[in-house]
Amino acid sequence: MAAAIALGPYRLAAGDLLAFLMAKVTGAASPLPASAETVILQIRLPRVLAATAVGAALAASGAAYQSLFRNPLVSPDILGVSAGAAFGAVVGIFLSLPVLAIEATSFAGGLAAVIIVYAIAAAIRGRDSVLVLVLAGVVIGALFGAGVGLLKYLADPYNQLPAITFWLLGSLAAANLRDLTSLLPAVAVGLVPLGLLRWRIDVMTLGEEEATALGLDTRVLRVVVIAAATLMTSAAVAASGIIGWVGLVVPHLARLMVGPAFTRLLPVSVLFGAGYLLAVDTVARTIGTVELPLGVLTAALGTPVFLCLLAFSRRPAWS
Amino acid sequence: MVVDAARLAVEDLSYGYRGHAVGRHISFSVDAGEVLCVLGRNGEGKSTLFKTVLGLLPPRAGAVRVDGEFTAGWNPRRRALTFGYVPQSGGGAFPFTVAELVLMARTAHRGPFAAPSAADRDAADKAIATLGIGHLAQREWLRISGGERQLALVARALAQEPRILVLDEPTASLDFGNQVRVLDAIRSLTEERGLAVLLSTHHPEQAFACADRVAVLAGGELLRIGAPAEVVTTETLRACYSAEVAVLPVANSRYRVCVPQSYLL
Chain A
5 MAAAIALGPY RLAAGDLLAF LMAKVTGAAS PLPASAETVI LQIRLPRVLA ATAVGAALAA
65 SGAAYQSLFR NPLVSPDILG VSAGAAFGAV VGIFLSLPVL AIEATSFAGG LAAVIIVYAI
125 AAAIRGRDSV LVLVLAGVVI GALFGAGVGL LKYLADPYNQ LPAITFWLLG SLAAANLRDL
185 TSLLPAVAVG LVPLGLLRWR IDVMTLGEEE ATALGLDTRV LRVVVIAAAT LMTSAAVAAS
245 GIIGWVGLVV PHLARLMVGP AFTRLLPVSV LFGAGYLLAV DTVARTIGTV ELPLGVLTAA
305 LGTPVFLCLL AFSRRPAWS
Chain B
50 MVVDAARLAV EDLSYGYRGH AVGRHISFSV DAGEVLCVLG RNGEGKSTLF KTVLGLLPPR
110 AGAVRVDGEF TAGWNPRRRA LTFGYVPQSG GGAFPFTVAE LVLMARTAHR GPFAAPSAAD
170 RDAADKAIAT LGIGHLAQRE WLRISGGERQ LALVARALAQ EPRILVLDEP TASLDFGNQV
230 RVLDAIRSLT EERGLAVLLS THHPEQAFAC ADRVAVLAGG ELLRIGAPAE VVTTETLRAC
290 YSAEVAVLPV ANSRYRVCVP QSYLL
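Just so you know, the sequences run in chain order A and B. Quick note on numbering: the first sequence equals residues 5 to 323 in our numbering. Quick note on numbering: the second sequence equals residues 50 to 314 in our numbering.
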């Protein structure tokens, strides 16, 4: 994190950072120029915190969806949650709503998407429920994507359209302290129930009937887990646009390393997700003179990693 | 609580899925310390009957009672503390270890947020030891054979510490030695712990090995119920399976063997 704060067009030496920190802690006058202080507090720190929180949120919600839908292939983006949340957020931007309201419309959109997808999968009781679930997610995601397209078409081309477009690419460039005040609590509120219910979420992976026979009230648990995961995804999408693959690849890697038990899977996914997105974001803004969109980079990294997992995974986790 | 009520009583139960009746007007009871073996051809609805008894499917008519008490309004937790269930297949698609999976049996014994206690782990370990599958405890669920999974699911049902055990074809994919071991384990646990056991099988001979009574389902109705020697007969097996089978005694044993007539000289 310290490295991520130090790196960037305005370089800060490690010693400077340490001195700044000491000064803040002791209350002494800062040894750095005012411009450096502005960079640290107004730009770098919010961005680093946002990257950490968004990465943790996406990875944790991905892990939760995978356990709940009993399928290591699902993730916020594949289930259409990201697209739904994006549509909700674009509606918010289109209507020029305040940040907190955009997060609320984003949550509503994400929740609507996951409910529709789940209802479709439940209504079509085919043999391959996993395939139906994934396809329904793709279809509903496309529908919400079309809705985003319509709003972009209708949006004010000088003001709203560029904002929507850059935001949709997935970027933390605009992250500021005000975003954090709604992002961090939403992530915390989402993580707490997942952490508390970790043992029961394991039982949910057995499926409806078996979990019920073991004494679980599956309806209540499903609603709580979906709400928590969707809240985190929506908050992440509202803060940074659609950043794909983190929710799919990170929990998958974590499961390969520590097994499927949620009591280990959740913390490892959170740590990996946070570290991964922080690293990728730092690369995205330092690699060239022009900053790369974060969503583009995660997709470019995630696709080969995922294909490798698919090809070389010795665990038959794909039934 | 009614003292002399049967542990498990199924009363005039009709079951099936929406718009599709599978079984009608089935009544039977199982006492504590008793094993009831259910026979019936493929698709006869044995699994549907079991799921309805467990409360996983709502009954179309009739009722299920435990110790005289109707189970209709029970929540999943109360059911899980009463019934242990061994499904035909289960365990999910994630690579949990056998020990982790057996430990899930203790879900109903603790609060919604609680981690498994030492007592929970102890119960799971004992169940694993009872089935003699200690060597599988740290193996991954997806990497063991179908028979090993079935043993693990029986261990899980025991770790629930239920009063009633419902086993849906518990020996279906077991090798010959494990079939004997599982049936013997069921028999001795029934007597030691006073369990009421409901199990289904496709081998009528197994009724002689472990059951006190046998129920035969045919055409969605209860064809016969009674002691194995009275029920497992050439006539009943013909009606049940449309097969000609001789039921032959074994010297110095209550066991009998079922041999297709065409195999006899």
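Beta carbons: idealized from backbone N, C-alpha and C, even for Gly. Small disclaimer: the values here were computed from a predicted structure and weren't measured.
Contact with chain B by residue i, beta-carbon distance below 8 angstroms
i, result
"Pro264(A)", "yes"
"Ala321(A)", "Bear in mind that the predicted position of Ala321(A) carries a pLDDT of just 44, short of 50, making it unreliable; the figure below should be weighed with that in mind. Ala321(A) counts as touching chain B."
"Ala63(A)", "no"
"Val207(A)", "yes"
Beta-bridge pairing of residue i - partner residues as DSSP gives them
i, result
"Ile213(B)", "Phe132(B), Ala245(B)"
"Val115(B)", "Leu57(B), Glu118(B)"
"Arg15(A)", "Answer is none; Arg15(A) lacks a bridge partner."
"Arg273(B)", "Val265(B)"
"Thr146(B)", "Glu189(B)"
"Leu88(B)", "Val265(B)"
"Ser63(B)", "Ala110(B)"
"Ala295(B)", "Val308(B)"
"Glu83(B)", "Ala245(B)"
Beta carbon proximity, residue i to chain A, threshold 8 angstroms
i, result
"Thr156(B)", "yes"
"Met50(B)", "Confidence at Met50(B) is low in this model, with a pLDDT of 47, below 50, so its placement is unreliable and no value can be given for it."
"Tyr66(B)", "no"
"Leu297(B)", "no"
"Glu149(B)", "yes"
"Leu247(B)", "no"
"Leu200(B)", "no"
"Pro165(B)", "yes"
Boundaries of the beta strand (DSSP E) in which residue i is found, first to last residue
i, result
"Phe77(B)", "69 to 79"
Residues that residue i contacts on chain A, provided the C-beta gap is smaller than 8 angstroms
i, result
"Asn124(B)", "Asp221"
"Gly72(B)", "Neighbours of Gly72(B) on chain A: none; closest Cβ ~18 angstroms, over 8 angstroms."
"Leu105(B)", "Glu213, Thr216, Ala217"
"Pro136(B)", "Glu213, Glu214, Ala217"
Beta-carbon neighbours of residue i, restricted to chain A and to distances below 7 angstroms
i, result
"Gly140(B)", "Leu210"
"Ala129(B)", "Ala217, Leu218, Gly219"
9 angstroms Cβ cut-off: residues of chain B touching residue i
i, result
"Arg204(A)", "Thr156, Pro161, Phe162"
The alpha helix (DSSP H) enclosing residue i, as first and last residue numbers
i, result
"Arg205(B)", "195 to 208"
"Ala8(A)", "6 to 10"
"Leu275(A)", "266 to 290"
"Leu49(A)", "49 to 72"
"Pro309(B)", "Unbroken run through Pro309(B) is the beta strand (DSSP E), 305 to 309; no alpha helix (DSSP H)."
"Glu214(A)", "212 to 217"
"Ser110(A)", "103 to 127"
"Pro161(B)", "No alpha helix (DSSP H) contains Pro161(B), which DSSP labels as neither H nor E."
"Asp160(A)", "Taken as a continuous stretch (DSSP letters only), Asp160(A) belongs to no alpha helix (DSSP H), as it is neither H nor E."
"Gly88(A)", "85 to 98"
"Met208(A)", "202 to 208"
"Leu103(B)", "95 to 103"
"Ser4(A)", "The question about residue 4(A) has no answer here: the residues shown for chain A are numbered 5 through 323."
"Glu284(B)", "283 to 290"
"Thr222(A)", "222 to 244"
"Gln255(B)", "255 to 259"
Listed by chain order, chain B residues near residue i by CB distance under 8 angstroms
i, result
"Arg74(A)", "Gly141, Ala142, Phe143"
"Leu201(A)", "Pro161, Phe162"
The ligand GDP heavy atom lying under 7 angstroms from the CB of residue i
i, result
"Ala18(A)", "Because no ligand of any kind appears in the structure shown, any question about the ligand GDP cannot be addressed here."
Please list the residues of the stretch 167 to 191 of chain A that have a C-beta atom closer than 8 angstroms to any C-beta atom in chain B, keeping them in chain order.
Answer in chain order: no residues at all.
Interface residues of the stretch 176 to 187 of chain B facing chain A [CB-CB below 8 angstroms]:
Listed in sequence order: no entries.
In chain order, what residues of the stretch 285 to 296 of chain A put their CB closer than 9 angstroms to some CB of chain B?
Flagged: no residues at all.
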